[in-house]
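Asker:
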Amino acid sequence: MRVGDATSIPAAPDAETNYWPEFANTALKSEFGMLSGAFDISDHWTAYAAFGGNHSDESGDYGQPILSRPDSTGYRVGDATVSRLTVVRESQAYTGQADVRGHFDTGPIRHDVNLGYSGYYQRADSAYSYSGSVDTNLYQPATIDSLPTTGSAGDLSDPNVISRTHANGWALSDTAGFFDDRVRVTVGARYQSLSIRNYDYNDAGQVSGEPITGHRVSPVYGVVYKPTAWLSLYANHIEALQPGDTAPATAQNPGQTLGIVHARQNEVGAKLDFGRIGGSLAAYEIKKPNAYLDPNTRQYGYFGEQRNRGLELNIHGQPTRRLKLLASATYVDPELTQTPGDRFNGNDAVGVPNYRLALSGEWQLPSAPHWHANARVIRTGSQYADQANDLKVDAWTRVDLGLRYNMPWGDEGRQVVWRANVKNVANSDYWSSVRRIASTNYLTQGDPRTFKLSATFHFD
0 MRVGDATSIP
10 AAPDAETNYW
20 PEFANTALKS
30 EFGMLSGAFD
40 ISDHWTAYAA
50 FGGNHSDESG
60 DYGQPILSRP
70 DSTGYRVGDA
80 TVSRLTVVRE
90 SQAYTGQADV
100 RGHFDTGPIR
110 HDVNLGYSGY
120 YQRADSAYSY
130 SGSVDTNLYQ
140 PATIDSLPTT
150 GSAGDLSDPN
160 VISRTHANGW
170 ALSDTAGFFD
180 DRVRVTVGAR
190 YQSLSIRNYD
200 YNDAGQVSGE
210 PITGHRVSPV
220 YGVVYKPTAW
230 LSLYANHIEA
240 LQPGDTAPAT
250 AQNPGQTLGI
260 VHARQNEVGA
270 KLDFGRIGGS
280 LAAYEIKKPN
290 AYLDPNTRQY
300 GYFGEQRNRG
310 LELNIHGQPT
320 RRLKLLASAT
330 YVDPELTQTP
340 GDRFNGNDAV
350 GVPNYRLALS
360 GEWQLPSAPH
370 WHANARVIRT
380 GSQYADQAND
390 LKVDAWTRVD
400 LGLRYNMPWG
410 DEGRQVVWRA
420 NVKNVANSDY
430 WSSVRRIAST
440 NYLTQGDPRT
450 FKLSATFHFD
C-alpha cells in the first residue's frame with residue numbers, strides 16, 4: 000500500500016480483505032547453489048573458500064493501491080487509486096569468498112589473524128508496462144479485472160540488461176589477547192570497491208547515465224574486557240559501503256542510482272552469563288545519508304543524514320528445568336539531521352519505531368516429555384510514514400502460539416521434529432511497518448491469523 004498524497008493513515012482493513020485488484024498476480028522462481036570447503040595448512044592455520052550463485056525470474060501484474068487525499072470530491076475513508084504495473088525481471092548473481100585464518104603468539108600475547116577476499120557480481124534484465132489509474136476503496140474494493148496499457152519500457156518477451164553491479168573487498172584483522180585473554184583488542188581494515196552501471200530499457204547495451212564507482216578503506220576496531228568469568232564489556236566501530244537508492248519516476252533525475260552510501264556504526268555494551276540465566280545490554284549509533292526528493296527542484300539525492308541512536312536489552316534464562324524464557328527490549332531515536340533548509344531536522348526517520356518489546360517462552364509438558372508448548376508476545380511502537388512526521392502508524396501487539404513434538408524415528412537417536420504454530424492468534428488488523436523506497440512510503444499490513452505445520456527430519 001502506497002501512502003501517496005494522503006494526509007492521514009486510515010485504520011488497517013480486515014485482514015481477510017483482499018484490496019488488490021483481480022488481475023494482480025506474480026510468479027517467482029529462484030535457483031541457487033553453494034560450494035564451500037576448508038583446508039588445514041598446519042595446526043595453527045586454515046584456508047577457507049566458498050562460491051555461490053543465484054538465478055531468479057519474476058513475472059507479475061501488480062496493482063498496489065495508492066491512498067487518496069481526504070479533500071478530493073466525494074471522498075470516503077479508505078479511498079485509493081490503483082493502476083497496473085506489469086514487470087518481467089531476470090537476475091543472476093555470483094559471490095565468492097576466500098580466507099586464511101590462523102593464530103600465533105608474541106610473548107604473552109596471542110594473535111588471531113584473518114585475511115580475506117570477497118567478490119560479488121549481479122546482472123539484472125527487466126522490462127515493464129503500465130496503465131492509467133482507477134478508483135477503489137480499502138474497505139470496499141472495486142472489481143477490476145484488467146486495465147489497458149498506456150506506456151511501456153523494454154520488451155516484455157525479451158528484456159534487456161538494465162544494470163550490472165561489481166563489488167570487491169579485502170579485509171585484514173588481528174585480534175590480540177592480553178592477560179590470559181581477559182582483554183582482547185581487534186584492529187583491522189577493509190578495502191571495498193563498488194561499481195554500478197545502469198542501461199537503457201529500450202536500447203540494448205546503451206549505458207544510461209554515468210557509471211557509478213566508489214572505493215574506500217574503512218577501519219575496524221574493537222575491544223572486549225572480561226573482569227570476571229560471567230561479565231564481558233565491549234566496544235567496537237565498523238564502516239561499510241553499499242549501493243545507493245534509485246531516483247523515482249517522478250524526479251527530475253528518474254532512474255538514476257545515487258552513488259555509493261557510506262554507513263558508520265559505533266556500539267558499546269555488556270554481556271552476562273550465569274549459566275541458567277544471561278543477557279546483554281548495548282548502546283549503539285548508526286549514521287547513513289538520507290535520501291530525499293526536493294519538492295522545489297524535483298531533484299532526488301542525498302540531503303542530510305539519518306542518525307539512529309538506540310539501546311537494546313536481551314535476557315534469556317531457564318528458571319526451571321522445563322521452562323525457557325527469552326525477553327528483549329529495544330529503544331531507538333531515529334533522528335534526521337542536516338536536512339535542506341533544516342526542514343526536517345529533529346524529525347524521526349520513516350518506518351523506524353521508537354521501541355520494540357518481545358517476550359517468548361517454551362514449556363516442556365510434564366506428562367509428555369516429547370511435547371513442548373511455546374508462546375510469543377510482540378509489541379511494536381508507533382512509526383512515522385513521512386519525513387514531515389505528519390502521518391503516523393499506530394503501535395501494535397501480536398500474540399503467537401505453537402506446539403513442538405520431538406518424535407523418535409528409527410535407531411541411533413534419530414527424530415522428526417513436528418511444529419504447529421498459529422501466528423496472530425487474535426486475528427488483529429494492523430499496519431505492521433512502513434518502508435521508504437526511492438522517496439515513496441509504503442505501508443505493510445500484518446498477516447491475518449495464520450496456521451503453519453512443518454516437519455524437520457534429523458538423519459545424524
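Using numbering that gives the first Met the number 0, read the sequence shown as starting at 0 and increasing by one per residue. Ideal placement from N, C-alpha and C gives every residue a C-beta, glycine not left out. These figures come from a predicted structure and were not determined experimentally.
#1: May I ask you to report which of helix, strand or coil DSSP gives D460?
#2: Between A465 and D446, what straight-line distance do the alpha-carbon atoms span, to the nearest angstrom?
#3: If we ignore side chains and look at the alpha-carbon of each, how far apart do G131 and A348 end up?
#4: Check whether the Cβ atoms of T64 and Y18 lie closer than 8 Å to each other.
#5: When burial is assigned at 16 or more other CB atoms within 10 Å of the CB, is A387 buried or exposed?
#6: Whose CA, out of D244, L335, T164 and Y354, lies closest to the CA of N346?
#7: Where does the unbroken beta strand (DSSP E) through L155 begin, and where does it stop?
#8: Report the start-end ranges of each beta strand (DSSP E) in the segment 371 to 405 that is 3 residues or longer and not cut off at the edges.
#9: Report the start-end ranges of each beta strand (DSSP E) in the segment 130 to 201 that is 3 residues or longer and not cut off at the edges.
#10: According to DSSP, Q305 sits in a beta bridge with which residue or residues?
#11: Only counting the same chain, and skipping five residues up and downstream in sequence, which positions put a Cβ closer than 7 Å to that of I436?
#12: With distance defined between alpha-carbon atoms, name the residue in E266, P288, A357 and Y441 nearest to G221.
#13: Considering only residues of the same chain and omitting the five flanking positions on each side of V99, which have a CB-CB separation below 6 Å?
#14: Flag this pair as yes or no: are the beta carbons of G153 and N201 separated by less than 8 Å?
#15: Beta carbon of E21, beta carbon of T149: below 8 Å?
#16: Buried or exposed for R275, please, with buried defined as at least 16 other CB atoms from any protein chain shown within 10 angstroms of its CB.
#17: Assign M0 to one of two classes, buried (16 or more other C-beta atoms within 10 Å of its C-beta) or exposed (fewer than that).
#18: Compute the Euclidean distance between the alpha carbons of V2 and Y441, then round it to the nearest angstrom.
Answerer: Result, derived from the coordinates:
#1: Outside the modelled stretch of the chain, which goes from 0 to 459, sits residue 460, for which no answer is possible.
#2: In this structure the chain extends from 0 to 459, so residue 465 is not present and cannot be described.
#3: As a position in the sequence shown, residue 131 is number 132, starting the count at 1. As a position in the sequence shown, residue 348 is number 349, starting the count at 1. Roughly 31 Å separates the two Cα atoms.
#4: Looking up residue 64 in the sequence shown gives position 65. Looking up residue 18 in the sequence shown gives position 19. With the sequence shown as reference, residue 64 is identified as Pro, and Thr is not the correct amino acid for it. In this structure, Y18 lies closer than 8 Å to P64 by Cβ.
#5: The residue given as residue 387 occupies position 388 in the sequence shown. With fewer than 16 Cβ atoms within 10 Å of its Cβ, A387 is classed as exposed.
#6: The residue you call residue 346 lines up with position 347 of the sequence shown. The option with the nearest alpha carbon to N346 is L335.
#7: Here residue 155 is taken as the residue at index 156 of the sequence shown, counted from 1. No beta strand (DSSP E) contains L155, which DSSP labels as neither H nor E.
#8: The beta strand (DSSP E) runs lying completely inside the segment 371 to 405 and spanning 3 residues or more number zero.
#9: The segment 130 to 201 contains these whole beta strand (DSSP E) runs: 148 to 152, 159 to 177 and 182 to 197.
#10: Within the sequence shown, the letter at position 306 stands for residue 305. Q305 pairs with K287 and L335.
#11: Along the sequence shown, one-based indexing puts residue 436 at 437. No residues qualify anywhere along the chain.
#12: As a first step, residue 221 is located in the sequence shown; it is residue number 222 there, counting from the start. The shortest C-alpha separation from G221 is found at E266.
#13: As a working mapping, residue 99 is identified with position 100 in the sequence shown. Result list for V99: A46 and L114, in chain order.
#14: Numbered from 1 along the sequence shown, position 154 holds the residue referred to as residue 153. Numbered from 1 along the sequence shown, position 202 holds the residue referred to as residue 201. Contact flag set, yes.
#15: Sequence index remark: in the sequence shown, residue 21 carries index 22 (1-based). Sequence index remark: in the sequence shown, residue 149 carries index 150 (1-based). No; because the gap between Cβ atoms is not below 8 Å, this pair is not in contact.
#16: On the sequence shown, residue 275 is found 276 positions in, with the first residue counted as 1. It is exposed - the Cβ of R275 has fewer than 16 other Cβ atoms within 10 Å.
#17: For the purposes of this step, residue 0 is taken as residue 1 along the sequence shown, with counting starting at 1. M0 is buried by the Cβ-count criterion.
#18: For the purposes of this step, residue 2 is identified with residue 3 of the sequence shown, where counting begins at 1. For the purposes of this step, residue 441 is identified with residue 442 of the sequence shown, where counting begins at 1. Each residue's Cα considered, the two are about 6 Å apart.
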